[in-house]
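Visitor: Before I ask anything, here is the structure I am working with.
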Amino acid sequence: MRADGAVPSFMCAAVIDAFGGPERLVLRDLPVPPVGPNDVLIRVDTAGIGPWDLKVRRGDVIEGRFPMVLGFEGSGTVAALGDGVRGFELGDAVYGYAYSTLGGFYAEYAALDAEQVAPLPAALDFREGGALPVAGLTALAGIDDVLAVRPGMSILVFGATGGTGVFAVQFAKRRGARVVATTNGGEGRELLRRLGADEVADTQRDDVVALAHKLAPHGLDGVFALAGGSALERVFGALRAGATIAHPNGVAAFPATLPDGVTARGFDGRPNPTAFARLNALLDEAPIEIPISAEYSLDDAAEAHRRLERGHVFGKIVLVVDATEDVEEKVA
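The sequence shown begins at 3 in our numbering and counts up by one.
The structure is reproduced here in structure tokens:
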């Protein structure tokens, strides 16, 4: 193993000792994770928070192995490398998605398989890098692999103001699509317009089908479904025969019925070198906006979860782990 010489034996982490509500998150000193031959040890700067973390905390996803460190995604610098790792150097700025360990970033150090780590794009700071991996890879997989978006296609991003939706809108536009984006309440209109949506619909007030027909008179080519239920099913009337619904696994209930000729595909945005390279290439071409609605320190992880559970979060919430000064909630 190669290490930078500054790796301690113990670290501070936000953990749970049992499944339950946000109050289960407490600070604890734990041993720094061991570094396997194919692992990268990251000195964490920022950890992203998403709905997937809430599911793990509640016990909806995996069996208990306590104390459990949450946090699927984050950014920081390389503190140590397994002997089999190539392509990274000590001190490199990186970001990663802890897919195989199902967590680990709510801590000062996180160990990940090297294939789930990538160089942090030069255009991003650590806050943005910590917010990007899960939602960014999921959005790109939906746009490129499931919907196969090409110039001239018409796409609906349903539930567009959340962590994945804000990237789906931008990636669809980058691929040359015309985009209808929905928000639940009028506050998200300005954000979605800024991200490039051609039409923005408030599902509480607007006729989404009419706006979709305005953009695509012959029917939409696809839907990126980030919310479900009857509101989603009402927009099926705007789809053309042969359209595809991209449905990230675990986001909402899969549609019970579909119109004739329409297919729905569940998928995950899994981390691997190819996926990260494609995401980084997109970011290197031109900047994207990574909206961060709130920042919390590690010892406020429980409050960060409460904020996400209250809903109406535009973009992402992050935990600042390597905080050199007090962090207050930042509202975008």
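Ideal Cβ placement from N, Cα and C applies to all residues, glycine included.
Is it true that the CB of residue 169 sits closer than 7 Å to the CB of residue 141?
Guide: Taking the first residue of the sequence shown as position 1, residue 141 is located at position 139. Taking the first residue of the sequence shown as position 1, residue 169 is located at position 167. Cβ atoms of residue 141 and residue 169: closer than 7 Å.
Visitor: At what residues does the alpha helix (DSSP H) containing residue 60 begin and finish?
Guide: The residue given as residue 60 occupies position 58 in the sequence shown. Residue 60 -> alpha helix (DSSP H) spans 53-60.
Visitor: Apply the 10 Å Cβ neighbour rule to residue 316 and answer buried if 16 or more other Cβ atoms are within range, or exposed otherwise.
Guide: Stepping through the sequence shown from its first residue, residue 316 is reached at position 314. Looking at its Cβ environment, which holds 16 or more other Cβ atoms inside 10 Å, residue 316 is buried.
Visitor: Looking at residue 99: is its Cβ nearer than 7 Å to the Cβ of residue 65?
Guide: Counting from one through the sequence shown, the residue named residue 99 turns up at place 97. Counting from one through the sequence shown, the residue named residue 65 turns up at place 63. Cβ distance not < 7 Å, so residue 99 and residue 65 don't count as in contact.
Visitor: What three-state label does DSSP hand residue 140 in the structure shown?
Guide: Within the sequence shown, residue 140 is the residue found at index 138, counting from 1. Look at residue 140 here: in three-state DSSP terms it is helix.
Visitor: Under 7 Å between the Cβ atoms of residue 6 and residue 39?
Guide: What you label residue 6 is simply residue 4 of the sequence shown in a count that begins at 1. What you label residue 39 is simply residue 37 of the sequence shown in a count that begins at 1. Contact: no.
Visitor: Ignore the nearest five residues each way along the sequence and tell me which others in residue 290's own chain have a CB closer than 6 Å to its CB.
Guide: Residue mapping note: residue 290 aligns to position 288 of the sequence shown, counting from 1. Cβ within range, chain order: 172.
Visitor: Sorted by chain position, which residues of the same chain lie with C-beta nearer than 8 Å to residue 267's C-beta, five sequence neighbours on each side aside?
Guide: Within the sequence shown, the letter at position 265 stands for residue 267. Closer than 8 Å at Cβ, skipping near neighbours: 148, 246, 247, 248, 249.
Visitor: Between the beta-carbon of residue 113 and the beta-carbon of residue 9, is there less than 7 Å?
Guide: The residue labelled residue 113 in the question sits at position 111 within the sequence shown. The residue labelled residue 9 in the question sits at position 7 within the sequence shown. No.
Visitor: Can you tell me the Cα-Cα spacing of residue 14 and residue 177, whole angstroms?
Guide: Here residue 14 corresponds to residue number 12 of the sequence shown, with the count starting at 1. Here residue 177 corresponds to residue number 175 of the sequence shown, with the count starting at 1. Each residue's alpha carbon lies about 42 Å from the other.
Visitor: Under DSSP, the beta strand (DSSP E) around residue 98 begins and ends at which residues?
Guide: Position 96 of the sequence shown holds residue 98. Run containing residue 98: 95-99, per the beta strand (DSSP E) assignment.
Visitor: By the three-class DSSP mapping on this structure, what secondary structure does residue 188 have?
Guide: Locating residue 188 in the sequence shown gives position 186, where the first residue counts as 1. Correct three-state label for residue 188: helix.
Visitor: Spell out the partners DSSP gives residue 246 in its beta bridges.
Guide: Start at 1 with the first residue of the sequence shown, and residue 246 comes out as number 244. Bridge partners of residue 246: 224, 265.
Visitor: Apart from the five residues on each side of it in sequence, which residues of its chain come closer than 7 Å, Cβ to Cβ, to residue 46?
Guide: On the sequence shown, residue 46 is found 44 positions in, with the first residue counted as 1. Excluding residues within five positions, the ones whose Cβ falls inside 7 Å are 76, 78, 107, 109, 110, 111, 112, 323, 324.
Visitor: Tell me whether residue 118 is buried or exposed, calling it buried when 16 or more other Cβ atoms sit within 10 Å of its Cβ.
Guide: Here residue 118 refers to the residue found at position 116 of the sequence shown. Buried is the call here.
Visitor: Are three or more beta carbon pairs between the region 253-268 and the region 181-191 nearer than 8 Å?
Guide: No contact exists between the region 253-268 and the region 181-191.
Visitor: Considering only the alpha carbon of each residue, which of 275, 276, 146, 34 lies closest to residue 82?
Guide: As a working mapping, residue 82 is identified with position 80 in the sequence shown. That would be 34, whose Cα lies nearest to the Cα of residue 82.
Visitor: Considering only the alpha carbon of each residue, which of 225, 93, 314, 12 lies closest to residue 336?
Guide: There is no way to answer for residue 336, as the model of the chain reaches only from 3 to 334.
Visitor: Can you list, in chain order, the residues of its chain whose CB lies under 8 Å from that of residue 282, leaving out five sequence neighbours each side?
Guide: Within the sequence shown, residue 282 is the residue found at index 280, counting from 1. Answer for residue 282: 120, 121, 123, listed in chain order.
Visitor: Residue 42: which of 116, 89, 56, 152 sits nearest, CA to CA?
Guide: For the purposes of this step, residue 42 is identified with residue 40 of the sequence shown, where counting begins at 1. For residue 42, the nearest C-alpha among the options comes from 116.
Visitor: Here's the rule I'm using: 16 or more other beta-carbon atoms within 10 Å means buried, otherwise exposed. How should residue 309 be labelled?
Guide: Mapped onto the sequence shown, residue 309 falls at position 307. So residue 309 ends up on the buried side.
Visitor: Do you know offhand how far residue 261's Cα is from residue 238's?
Guide: Position 259 of the sequence shown, counting from 1, holds the residue named residue 261. Position 236 of the sequence shown, counting from 1, holds the residue named residue 238. Residue 261 and residue 238: Cα-Cα distance of roughly 7 Å.
Visitor: Among 25, 48, 21, whose alpha-carbon lies nearest the alpha-carbon of residue 60?
Guide: Locating residue 60 in the sequence shown gives position 58, counting from the first residue. The candidate whose alpha carbon is nearest that of residue 60 is 21.
Visitor: Am I right that residue 222 and residue 157 are in contact with their C-beta atoms under 8 Å? What's the rounded C-beta distance?
Guide: Along the sequence shown, one-based indexing puts residue 222 at 220. Along the sequence shown, one-based indexing puts residue 157 at 155. Yes, they are in contact, since the Cβ atoms of residue 222 and residue 157 sit about 7 Å apart, within 8 Å.
Visitor: How about residue 199 and residue 225: are their beta carbons less than 7 Å apart?
Guide: Along the sequence shown, one-based indexing puts residue 199 at 197. Along the sequence shown, one-based indexing puts residue 225 at 223. Cβ distance not < 7 Å, so residue 199 and residue 225 don't count as in contact.
Visitor: If you scan the region 263-323 from start to end, which runs of the alpha helix (DSSP H) of 4 or more residues do you find wholly inside it?
Guide: 275-287, 303-312
Visitor: Would you tell me roughly how many angstroms separate the C-alpha atoms of residue 1 and residue 234, rounded to the nearest one?
Guide: Nothing about residue 1 can be read from this structure; the chain reaches only from 3 to 334.
Visitor: Have a look at the DSSP bridge pairing and note the partners of residue 44.
Guide: Taking the first residue of the sequence shown as 1, we reach residue 44 at position 42. For residue 44, the beta-bridge partners assigned by DSSP are 80, 112.
Visitor: Might you give, ordered along the chain, the residues of its own chain that have their beta carbon closer than 7 Å to the beta carbon of residue 334, omitting 5 neighbours on each side?
Guide: Residue mapping note: residue 334 aligns to position 332 of the sequence shown, counting from 1. In this prediction, residue 334 scores a pLDDT of 36, lower than 50, which makes its location untrustworthy; the coordinate-derived value is nonetheless stated afterwards. Taken in chain order, the residues that qualify are 293, 294, 295, 316, 317.
Visitor: What are the start and end residues of the beta strand (DSSP E) that includes residue 201?
Guide: Locating residue 201 in the sequence shown gives position 199, counting from the first residue. Run containing residue 201: 201-204, per the beta strand (DSSP E) assignment.
Visitor: Have a look at 105, 128, 143 and flag the residue whose alpha-carbon is nearest the alpha-carbon of residue 279.
Guide: Along the sequence shown, one-based indexing puts residue 279 at 277. Out of 105, 128, 143, 143 has the C-alpha closest to the C-alpha of residue 279.
Visitor: Going by DSSP, which residues form a beta bridge with residue 193?
Guide: In the sequence shown, the residue the question calls residue 193 occupies position 191. According to DSSP, residue 193 bridges with nothing at all.
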